[in-house]
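A.B. asks: Residue numbering for the sequence shown follows the working numbering, starting at 2 and increasing by one per position.
Just so you know, even glycine gets a beta-carbon here, dropped at the ideal spot from N, CA and C.
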Amino acid sequence: MADTSVKIDDVTRDKLKALADGAGMSMKDYLARVASEKEHEQALDTATAAFRRVLGAPGILDRFDADFGGLPHAAGRQTPRAA
2 MADTSVKIDD VTRDKLKALA DGAGMSMKDY LARVASEKEH EQALDTATAA FRRVLGAPGI
62 LDRFDADFGG LPHAAGRQTP RAA
């Protein structure tokens, strides 16, 4: 894969360089990692939105309970509660 240049201001370049140095990485490798992490975050956001839509569908939780017997009950244990 060919390398390319991206024009950024000096302040941003210095911040990215410091972050890359702190991670013990070249800026090229650091930016590749950041891009991969951002892709992963975006995929998680998409999955979360889809999950929330499904859970909001009328009757979905009742159907889940009917098909799978609901959530397991902890034998002899209480559900932790916030103080």
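1) By how many angstroms is the C-alpha of V35 removed from the C-alpha of R64?
2) Can M26 and L17 be called in contact, C-beta distance under 7 angstroms?
3) Tell me the DSSP secondary structure of I9 in three-state form.
4) Do the CB positions of Y91 and A19 come within less than 7 angstroms of each other?
5) Give the secondary structure of L72 by DSSP, where H, G and I count as helix, E and B as strand, and everything else as coil.
6) Rounding to the nearest angstrom, what Cα-Cα distance links G70 and L62 in this structure?
7) Nearest-angstrom Cα distance between D46 and R53?
C.D. replies: In short:
1) 40 angstroms
2) no
3) coil
4) As shown, the chain starts at 2 and ends at 84. That puts residue 91 outside it, with no answer to give.
5) coil
6) 11 angstroms
7) 11 angstroms
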